[in-house]
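Trainee: Each residue of the sequence shown is one higher than the one before, counting from 1 in my numbering.
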Amino acid sequence: MNNALHQFHIPVMGLGFTIDSPLKVAKFGITSVVSIVDDHLLEEMRRIYSRKYAVPYIPILEKDEDHRAKRVTAYLDLLQDLVDQQVEQLRAEDFESSSTIHDFFELLPSNHAYAVMYRQMLEANGEEQLDLQKQLRTFIQAGNIDVNIMTKVDKINRTKTGEVLPREYSDALAALRGFAKSKVRGNVVFSAGLNPALYSYLEEFEDFFPDKAGNIAKGVILKVSDYRSAMIQGRFLAKKGIWVNEFRIESGLNCGGHAFATDGILAGPILEEFKANKQSLADLLREGCNQALLSKGRFLIKDDTLPKITYQGGLGNAEENEFLLNHYALDGTGWGSPFLLVPEATSVDDETLQRIIEAKKSDFYLSHASPLGVPFNNLRTSTGEDQRKARIEKNRPGSPCYKKFLAFSTEYSDKPICTASREYQNLKLKQFNAGEVSQQEVTEVLEKDCLCEGLSAPAILHAGEVPARNLKAVTICPGPNLAYFKGIYSLKEMVGHIYGKLQLPLDPERPHVFIKELQLYVQHLQKEMEKTLPEQTAKYTSYLEKFKGNLLDGMNYYKKLANQWSMDTEEVMNSFKAQLQALEDEVKGLVPAIA
1 MNNALHQFHI PVMGLGFTID SPLKVAKFGI TSVVSIVDDH LLEEMRRIYS
51 RKYAVPYIPI LEKDEDHRAK RVTAYLDLLQ DLVDQQVEQL RAEDFESSST
101 IHDFFELLPS NHAYAVMYRQ MLEANGEEQL DLQKQLRTFI QAGNIDVNIM
151 TKVDKINRTK TGEVLPREYS DALAALRGFA KSKVRGNVVF SAGLNPALYS
201 YLEEFEDFFP DKAGNIAKGV ILKVSDYRSA MIQGRFLAKK GIWVNEFRIE
251 SGLNCGGHAF ATDGILAGPI LEEFKANKQS LADLLREGCN QALLSKGRFL
301 IKDDTLPKIT YQGGLGNAEE NEFLLNHYAL DGTGWGSPFL LVPEATSVDD
351 ETLQRIIEAK KSDFYLSHAS PLGVPFNNLR TSTGEDQRKA RIEKNRPGSP
401 CYKKFLAFST EYSDKPICTA SREYQNLKLK QFNAGEVSQQ EVTEVLEKDC
451 LCEGLSAPAI LHAGEVPARN LKAVTICPGP NLAYFKGIYS LKEMVGHIYG
501 KLQLPLDPER PHVFIKELQL YVQHLQKEME KTLPEQTAKY TSYLEKFKGN
551 LLDGMNYYKK LANQWSMDTE EVMNSFKAQL QALEDEVKGL VPAIA
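(1) Does the beta-carbon distance from residue 384 to residue 454 come in below 8 Å?
(2) Work out the CA separation of residue 417 and residue 527 for me, nearest whole Å.
(3) Taking 8 Å as the threshold (C-beta atoms), are residue 473 and residue 359 in contact?
(4) What residue ranges within the stretch 176–201 form continuous alpha helix (DSSP H) runs of no fewer than 4 residues, ordered along the chain?
(5) Looking at residue 554: is its Cβ nearer than 8 Å to the Cβ of residue 266?
(6) Would the beta-carbon of residue 312 fall within 8 Å of that of residue 346?
(7) Excluding sequence positions up to five away, which residues of its chain have a Cβ less than 8 Å from the Cβ of residue 293?
(8) Straight-line CA distance for residue 561 to residue 326?
(9) Which of helix, strand or coil does DSSP assign to residue 279?
(10) Do the CB positions of residue 10 and residue 335 come within less than 8 Å of each other?
(11) With distance defined between alpha-carbon atoms, name the residue in 491, 577, 461 and 544 nearest to residue 511.
(12) Less than 8 Å between the beta carbons of residue 187 and residue 220, yes or no?
(13) How would you label residue 228, buried or exposed, when you count the other beta carbons within 10 angstroms and need 16 or more for buried?
(14) Which residue comes first and which comes last in the beta strand (DSSP E) that contains residue 308?
(15) Where does the unbroken alpha helix (DSSP H) through residue 357 begin, and where does it stop?
(16) Please confirm whether residue 101 and residue 90 have their CB atoms less than 8 Å apart.
(17) Do the stretch 338–353 and the stretch 480–497 meet, that is, are 3 or more Cβ pairs less than 8 Å apart?
(18) Could you please give the first and the last residue of the uninterrupted beta strand (DSSP E) stretch that includes residue 245?
(19) Taking Cβ positions, are residue 374 and residue 258 nearer each other than 8 Å?
(20) Name the two residues that bound the continuous beta strand (DSSP E) containing residue 101.
(21) Just to check my reading of the structure: residue 33 and residue 189 have Cβ atoms closer than 8 Å, yes? What is that Cβ distance to the nearest angstrom?
(22) Just reading off the beta strand (DSSP E) that residue 495 is part of, what are its end residues?
(23) Helix or strand or just coil, what does DSSP make of residue 66?
(24) Taking the C-alpha atoms as reference points, what is the distance between residue 592 and residue 580?
(25) Grouping DSSP H, G and I as helix and E and B as strand, with all else coil, what is residue 257?
(26) Measure the alpha-carbon distance for residue 245 versus residue 201 and round it to whole angstroms.
(27) My output table needs one value for residue 524: the three-state DSSP class, helix, strand or coil.
(28) Measure the beta-carbon distance from residue 451 to residue 367 and round it to whole angstroms, keeping in mind my assumption that it falls under 8 Å.
(29) For residue 404 versus residue 63, is the C-beta spacing smaller than 8 Å?
(30) Can you give the beta carbon distance from residue 481 to residue 314, rounded, assuming they're within the 8 Å contact cut?
(31) Taking Cβ to Cβ, would you say residue 356 is nearer than 8 Å to residue 379?
(32) Can you check the stretch 454–487 for any alpha helix (DSSP H) of at least 4 residues that lies completely inside it and give the ranges in chain order?
(33) Do residue 514 and residue 316 have their C-beta atoms closer together than 8 Å?
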């Protein structure tokens, strides 16, 4: 993350919602993250933007050798070229006649050195003002174009004749190769856990290792849910000589997209553990990394290098943002779902945007929609949900499966198929009709949605085009926090809200980010407790007790924190303490169901 300018980044959202965010925000020094899972979407967006900016476009076809990696490289190269052009144009703009160059500095935090100098320039006259303007232009730099690879989306591919391709042609490894060969200046974000083959593949590319000056051209960011995960993944990479540039802590449940719940360990205690161990973690990883680099005859990581620690998931106002940055000594924060309401930053089609604004809190829910079998944040009123239900009503459940990124099930054949596909769901219904599976299992299967099409459609629709095969239904995966934002905002308004320059009107019932996550974990535990299993195993009972104990420990931590806290109004603190006590009473009363 480019922490020299902004204290926040825009995380990846779906496949299409941030696919072109760098073209919208990078020129203002804001870092955003592009998903590079769907090469079909990347190629389509390259075609759209090549035409828009009059750039020559030569299609990369599926029959072309290594087409997936080449599509990733071509799209990222186009993004970097266009962003570089935008920055050069911005540097050349006249402070007297242009508003965009003013926007660059006005978006910065008020206490940033460049923002302070900018205000001095506005008050200066004559030669002094011209000199300050000249200096300010040199400060203009782009935000990073970071990319995201979800490590679980790593299908092994085959030739047209059915022969298995070598491992480096799998979805995730090909995407990484495409990024590594691109001219993009940014990081790769790995999410969803350790993928040994993918992580080991980093060793094949020079840009992931330090140069003589200790600089790493392309960094590695790990999205983690807790400290243990960071340690395991960080040490694995260190043994390869790969340095982790940033640990991006994401709330297990108070986030968008797929939700990876911890065993009841809450954000506050997790952040506290990272804060307490930041230096020791850095020393351990640096030592391991340098041993590997030494054995490879490579340049070493500098002694003063530290991994950045950032947090994302459910942040809603400047007070929360400032508190987390200061109290936990964070290097930055991530603001995702609220930017879905900022057309200047993300690509959301008009109908979906309206449906988000009109949605009730209960319309934002954790679903079984993902074919990966991981809980998935969803919107009940999306056009994707409308389409899924309509197909069931017509006795045509499931989706046509064209892209096959999530085709992993070998339940019915050696050839993997997607659980959201029409083929899989028809086979499951046949089992149900034969009395071989339960109604609950069928209900969960029918809830699966085609994320490949639904999460990519908004970017194409937003660009004024029609997706291939007219698949226009949009699936959207906002975090629960989005329920409290109602309106369409400008980039300046949302960034101003983050930095406390202004306050967007949020739902007054919105709880503190820590309380909201705790509520979600209590609901999660309650559902687990209510499960009636044929045989309540000792292992499962132990898991529930551990989860409950972690929640109670987390609440005790928050009680102590609240007594030290002086960042908010008395009203906010009283509400925090009252909600905390009510949730503690609720958790203490939870007991597992008995079959």
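Think of the CB as a built atom: it goes at the ideal place given N, C-alpha and C, for glycine as much as any other residue.
Mentor: Quick answer:
(1) yes
(2) 29 Å
(3) no
(4) 196–201
(5) yes
(6) no
(7) 209, 210, 241, 299, 300 and 301
(8) 14 Å
(9) helix
(10) yes
(11) 577
(12) yes
(13) exposed
(14) 308–312
(15) 350–358
(16) yes
(17) yes
(18) 244–250
(19) yes
(20) No beta strand (DSSP E) contains residue 101, which is instead part of the alpha helix (DSSP H) from 100–106.
(21) 6 Å
(22) Segment 491–499 is the alpha helix (DSSP H) holding residue 495; no beta strand (DSSP E) there.
(23) coil
(24) 22 Å
(25) coil
(26) 17 Å
(27) helix
(28) Incorrect: roughly 11 Å between the Cβ atoms, too far for contact.
(29) no
(30) 5 Å
(31) yes
(32) 457–462
(33) no
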